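A.B. asks: Residue numbers (the numbering used here), protein chains in the order written: chain A, 65 to 499; chain B, 65 to 499.
2 protein chains.
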Amino acid sequence: MSPLGRREFLHTTVAALAGGMAFRQGDWKTWRVNGARVNQHLTELSRFGANPQGGVSRVAFTQADIEARAFAADLMRQAGLDARIDTVGNIIGTRAGTQPGTLPILFGSHIDSVPEGGNYDGDVGSMSAIEVAQTLAERSYRNRHPLHVAIWCDEESGLTGSRGYIGDLRAEELRRPGRDGVPLADKIRRIGGDPERVAEARHAAGSVAAYIELHIEQGGILDEKGIEIGIVEGIVGIHHYDVTIKGFANHAGTTPMDRRRNAMLAAAELVLVVDRVVRSVPGRQVGTVGRLLVKPGAPNVIPGQVDLTVELRDLSTEKIESLWTRIHAEGQEIARRYGTTLAYERQHANPPALSDPGVRALIVDAVAGLGLSSQPMPSGAGHDAQDLAQICPMGMIFVPSVKGISHSPVELTRAQDVTNGANVLLQTVLRLDQT
Amino acid sequence: MSPLGRREFLHTTVAALAGGMAFRQGDWKTWRVNGARVNQHLTELSRFGANPQGGVSRVAFTQADIEARAFAADLMRQAGLDARIDTVGNIIGTRAGTQPGTLPILFGSHIDSVPEGGNYDGDVGSMSAIEVAQTLAERSYRNRHPLHVAIWCDEESGLTGSRGYIGDLRAEELRRPGRDGVPLADKIRRIGGDPERVAEARHAAGSVAAYIELHIEQGGILDEKGIEIGIVEGIVGIHHYDVTIKGFANHAGTTPMDRRRNAMLAAAELVLVVDRVVRSVPGRQVGTVGRLLVKPGAPNVIPGQVDLTVELRDLSTEKIESLWTRIHAEGQEIARRYGTTLAYERQHANPPALSDPGVRALIVDAVAGLGLSSQPMPSGAGHDAQDLAQICPMGMIFVPSVKGISHSPVELTRAQDVTNGANVLLQTVLRLDQT
């Protein structure tokens, strides 16, 4: 028996003295999810939108998504939750609390995927959240707070469901046709939402006790170090800049080398500058040129224009801005050198969303109680949790992704890691309810 | 009267002693084209495929091309030429010669354009070739050699007509569907060719006395220096390499900077190496990365693959190969440094086509006779002339392109330069016929 175990024993004993009900509930720190079941549910979920080459294409609002949502709502009902679709299209499963006037504890994730995505991404957190409810039902746990399990709709294309939940979806956005020509409103209707009444899905700041999300890391840090749980310090801010470099398109055969205004050369230098500047200061910030379009793009034409994206992420907005200032200054100098021009537009600047220190402490305690290894880390990826952080204390739990591969058919989180994550979620929800 | 003028006077006088016909023909060095007419024909030709924003889209085999071809054939007939369409689809206008057994003198260009091209490109040489025939008809010139005026079909997408003329079109190429899904054979049929009998268009080596082509420079050297005529030393060889750099696509937020295998970084360095290596040796060689595709190409994904083209051009194949050897070696080193791989395929390697020194000397003499300024230069662009060089002595005459702009609605060759070019063509054809 470890010292911690001894403390738990004492706690249980003390609780036992308080009375029968408390005695039965008092051993809750020893409660564990059914690991086989949660992993089985993950396997069953992977049928919806399954691709022949592995993984799923379960893009939000498609038939695969709609069928998977019905499956998840069924599991919620089997777990004793009252499952309903809110006006944005989120599935919210409710378990009433015993103590009037307490705020709900909210936890969950999403089950939509990117095209040709994997079977773990938001699925692990979603199936685990339902598993937590199922475990509590089987234990006949009498939660003080209402418990709300959320399956957010359309996480992948812009956190649609969680933004609706915090009141951050504008009518204009609902009406505007998407890339496929279909307005978001029509899609929300397709999954049982009611876009005319989307305001009713909104939750004001202070109306939720806390939000907890379990998710796969989507990076390789935990897997590489052999650490079982990541305790998320926050979700990084993301600044996305659209940069346009203009030179002059001309014949690649007849234009001498010293008469060119080659936008591709300036763009190539800028790509290298982004990497160099981001690496030049200590920290875990990242910077990426992920999209780069060359115009006109023919082998025998000197590129006249290059459009590229620069994406910078960090937990500190100040650091992002200072990196961009340096990149932009160097970029202007490069553009001049090549007889080109550089212009940019900041497409978006998501602020970082820090997790709540109190919630983080409860996760640390839950991890310790389970005897798991852990480390604090930023989330480099965006999550619904960043929206919820605007209205309530937020915490996130990461489990390892093998080789850090994500958004890919070969994405993998091992069964034991899924079970570990679900147990940390269970123990964190219980601690939240008890405090 | 200049010293050259005096020599011409003497020549004319001597010729005059030889008899009446020779006397009338003997003043041929003073003959000039009708500059107003050839420029008027250029303007009329620009109706076919005219774009609202200027220039033309007269892509080969389109309705605009077909109508422009009918217009050109009409002009040929007005110039006394016997205009026929050969089995490849070239329009060949013939003027019989007086001396049996002499080989034909061939001259011409093309009237098809790139999409959104200009009004000068191949049009200047085509209208001037017909103008030369018209001038000779008006002078009742009794040419010794047969004169063949060619409007080559489909220059822009691969020198189709001139390749057919030298027997370099394979049956497989005729059958294969193009990018638009239509086989070349069907297109050739559309313009009056007979793809089943394409072999009949073939001309063996030694069957043509010489080929002369007048064309706009498509570069800015003549315009910048204020020189009136370019005497083409040859058409550069073109090597085109398709390069693929493979790294590993991963999440741009969750993958630390030191865990990336970013294909875009390696590609950026390679782009700069191409430029540096090509500039590192003296000469007029050029090298260009004109197409570069980033996969998957999303702002939030580290590029896993970049496909790019490297195009190298020079009059010397040896120089091209030595440049590529250096670029490839540096590329491999770069690829290793970024944890990526680099593979390439040489898509094509067109050999350079040198102009004939004898023909070049006649052009130099014609230019001098016209009192025009000139300089020798390579052609960085491909032309039908490079095919003809395989079967006969070839010469090319360049006129200035304002600001070197080409394949663009704002392409411009001034009327006086068009007239100058047509006169040099006339005088060169006459010299060829007289020698």
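Quick reminder that beta carbons are idealized off the backbone N, C-alpha and C, glycines included.
Only a predicted model underlies this, so the values are computations on that prediction, with no experimental measurement involved.
Just grab the DSSP bridge partners of A/F462 for me.
C.D. replies: Per DSSP, A/H279 and A/G294.
A.B. asks: Quick one: any contact between the region 195-213 of chain B and the region 442-449 of chain B, if contact means 3 or more CB pairs under 8 Å?
C.D. replies: With the cut-off at 8 Å, the region 195-213 of chain B and the region 442-449 of chain B do not touch.
A.B. asks: Report the partner residues of A/Q27 according to the DSSP bridge assignment.
C.D. replies: Missing from the structure shown is residue 27 of chain A; chain A here goes from 65 to 499 and no further.
A.B. asks: Note down, in chain order, every chain A residue with its Cβ under 9 Å from the Cβ of B/V365.
C.D. replies: Chain A residues near B/V365: T352, G354, R355 and H471.
A.B. asks: In or out: B/D244 buried (at least 16 other Cβ within 10 Å) or exposed?
C.D. replies: By the neighbour-count rule (16 or more Cβ atoms within 10 Å), B/D244 is not buried but exposed.
A.B. asks: Contact defined as beta carbons within less than 8 Å: I believe B/A486 pairs with B/V102. What is the distance between those atoms, to the nearest angstrom?
C.D. replies: Yes, B/A486 and B/V102 are in contact; Cβ-Cβ is about 5 Å, under 8 Å.
A.B. asks: Specify the secondary structure class of A/E237 as computed by DSSP and reduced to three states.
C.D. replies: Reduced to three states, the DSSP call for A/E237 is helix.
A.B. asks: Could you list the residues in the region 313-334 of chain A with a C-beta less than 9 Å from some C-beta on chain B, going in chain order?
C.D. replies: The residues in question are A313, N314, H315, A316, G317, T318, T319, P320, M321, D322, R323, R324, N326, M328, L329, A331, A332, E333 and L334.
A.B. asks: Residue range of the beta strand (DSSP E) that B/E219 falls in?
C.D. replies: It is not in any beta strand (DSSP E) - B/E219 carries neither H nor E in the DSSP assignment.
A.B. asks: Apply the 10 Å Cβ neighbour rule to A/E108 and answer buried if 16 or more other Cβ atoms are within range, or exposed otherwise.
C.D. replies: With fewer than 16 Cβ atoms within 10 Å of its Cβ, A/E108 is classed as exposed.
A.B. asks: Counting only the same chain and skipping the five closest in sequence on each side, list residues whose C-beta sits under 6 Å from that of B/E394.
C.D. replies: So the list reads V337, once near-sequence residues are dropped.
A.B. asks: Provide the residue span of the beta strand (DSSP E) that contains B/A407, from first to last.
C.D. replies: First-last of the beta strand (DSSP E) with B/A407: T405 to N414.
A.B. asks: How about B/G231 and B/A268: do their beta carbons lie closer than 9 Å?
C.D. replies: It is a contact, given that the beta carbons lie within the stated cut-off.
A.B. asks: Taking C-alpha atoms, which residue in B/A425, B/G403 and B/V353 lies nearest to B/I391?
C.D. replies: The residue with the shortest Cα to Cα distance from B/I391 is B/V353.
A.B. asks: So which residues of chain B does A/L336 contact, with C-beta pairs closer than 9 Å?
C.D. replies: In chain order: L329, A332, E333 and L336.
A.B. asks: List, in chain order, every chain B residue whose beta-carbon is nearer than 8 Å to that of A/D339.
C.D. replies: In chain order: M321, N326 and L329.
A.B. asks: Check A/L109 in the structure and name its three-state DSSP category.
C.D. replies: DSSP places A/L109 in helix when its eight states are reduced to three.
A.B. asks: With C-beta atoms as the reference, is A/V341 less than 9 Å away from A/L356?
C.D. replies: Not in contact: A/V341 and A/L356 (Cβ atoms no closer than 9 Å).
A.B. asks: How should B/S173 be labelled, buried or exposed, when 16 other C-beta atoms within 10 angstroms of its C-beta is the threshold for buried?
C.D. replies: B/S173 is buried by the Cβ-count criterion.
A.B. asks: Residue range of the beta strand (DSSP E) that A/L496 falls in?
C.D. replies: Segment A479 to Q498 is the alpha helix (DSSP H) holding A/L496; no beta strand (DSSP E) there.
A.B. asks: For A/C456, tell me which candidate among A/V423, A/D138 and A/H105 has the shortest Cα-Cα distance.
C.D. replies: That would be A/V423, whose Cα lies nearest to the Cα of A/C456.
A.B. asks: What first and last residue would you give for the alpha helix (DSSP H) that runs through A/T381?
C.D. replies: First-last of the alpha helix (DSSP H) with A/T381: T381 to R401.
A.B. asks: Can A/I169 and A/I293 be called in contact, C-beta distance under 9 Å?
C.D. replies: Contact: no.
A.B. asks: With distances taken from CA atoms, which of A/I175, A/A214 and A/L329 is nearest A/A197?
C.D. replies: For A/A197, the nearest C-alpha among the options comes from A/A214.
A.B. asks: Here's the rule: buried if 16 or more other CB atoms are within 10 angstroms of the residue's CB, otherwise exposed. What is B/V178?
C.D. replies: Classification for B/V178: buried.
A.B. asks: Would you kindly work out how many angstroms separate the C-alpha atoms of A/D322 and B/V350, rounded to a whole number?
C.D. replies: Approximately 10 Å between the Cα atoms of the pair.
A.B. asks: Let me make sure I understand the geometry here. Which of B/A316, B/P346 and B/K383 has the alpha-carbon closest to that of B/I366?
C.D. replies: Comparing Cα positions, the closest option is B/A316.
A.B. asks: Please work out which residues of its chain come closer than 8 Å, Cβ to Cβ, to B/T166, disregarding the five sequence neighbours upstream and downstream, and give them in chain order.
C.D. replies: Counting only Cβ-Cβ distances below 8 Å, and skipping sequence neighbours, we find R208, H209, P210 and A273.
A.B. asks: Can you grab the Cα-Cα spacing for the pair B/L434 / B/R96, in whole Å?
C.D. replies: Looking at the two C-alpha atoms, the distance is approximately 9 Å.
A.B. asks: By the 9 Å beta-carbon criterion, what residues does the region 232-265 of chain A contribute toward chain B?
C.D. replies: Listed by position, the residues of the region 232-265 of chain A near chain B (Cβ gap below 9 Å) amount to none.
A.B. asks: Which residues of the region 219-231 of chain B have a Cβ closer than 7 Å to any Cβ of chain A? Give them in chain order.
C.D. replies: Residues passing the 7 Å Cβ filter: none.
A.B. asks: By how many angstroms is the C-alpha of B/R240 removed from the C-alpha of B/P247?
C.D. replies: So the two alpha carbons sit approximately 5 Å from each other.
A.B. asks: I'd like to know if B/H105 contacts chain A, where contact means its C-beta is closer than 9 Å to some C-beta of that chain.
C.D. replies: Not closer than 9 Å to any Cβ of chain A, the Cβ of B/H105 fails to qualify, so no.
A.B. asks: Just to confirm my understanding: we take A/Q454, look at its own chain, exclude 5 residues before and 5 after, and list those with CB closer than 6 Å. What are they?
C.D. replies: The answer, listed in chain order, is I230.
A.B. asks: Answer with yes or no whether the minimum CB distance from A/T308 to chain B is below 9 Å.
C.D. replies: Not one chain B Cβ lies under 9 Å of A/T308.
A.B. asks: Given the structure, does B/G435 come close to the ligand MG, in the sense that its CB is under 8 Å from one of the ligand's heavy atoms?
C.D. replies: The model on display carries no ligand, and the ligand MG is accordingly not part of it.
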